[in-house]
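**Student:**
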Amino acid sequence: MTSAQPPNFSWVAPKKLAGMAMPRMPAHYQFLLENGIQHLVSLCERKPPHHDTCPGVKLHRIKIEDFCAPSMDQIKRFLSIVEEANSKGEGVAVHCMLGFGRTGTMLACYL
Numbered sequence: 001m002t003s004a005q006p007p008n009f010s011w012v013a014p015k016k017l018a019g020m021a022m023p024r025m026p027a028h029y030q031f032l033l034e035n036g037i038q039h040l041v042s043l044c045e046r047k048p049p050h051h052d053t054c055p056g057v058k059l060h061r062i063k064i065e066d067f068c069a070p071s072m073d074q075i076k077r078f079l080s081i082v083e084e085a086n087s088k089g090e091g092v093a094v095h096c097m098l099g100f101g102r103t104g105t106m107l108a109c110y111l
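Counted the way UniProt numbering counts, the sequence shown spans residues 1 to 111.
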């Protein structure tokens, strides 16, 4: 399968944590795997499409309503996912619809 970089993909901590827009095709998941990302944190209220085509990427769902701030529990859960994955040498990507609002907020919490 060929891969394609997901929209707005960017590393915050190379090989550890990246932000992006919602993956919309199987090639986006292949790109994640090829770049060492084995965990995808979805901040959207709905599940990202085509995730079932790539069992090598574990989906973590933290539903945050668009244009709303995450709760402290949601932030702690996100940071725990990143810490646990990174301790195993596994990368994490986080996304919302466009990869700016909720994604940027969670990435700032990581920093």
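For every residue, glycine included, the Cβ atom is placed at its ideal position computed from N, Cα and C.
Remember, it's a predicted structure, so these values are computed and weren't measured experimentally.
(1) From the DSSP output, read off the bridge partner residues of K76.
(2) Would you be able to state if there are at least three C-beta pairs under 8 Å between the region 15 to 31 and the region 65 to 76?
(3) Would the beta-carbon of V92 fall within 8 Å of that of H39?
(4) If you drop the 5 nearest sequence neighbours on each side, which residues of the same chain put their C-beta closer than 7 Å to that of I64?
(5) Return helix, strand or coil for L17, following the three-state DSSP convention.
**Tutor:** Concretely, from the data shown:
(1) According to DSSP, which records beta bridges pairwise, K76 is partnered with nothing at all.
(2) no
(3) yes
(4) L43, P70, Q74 and R102
(5) strand
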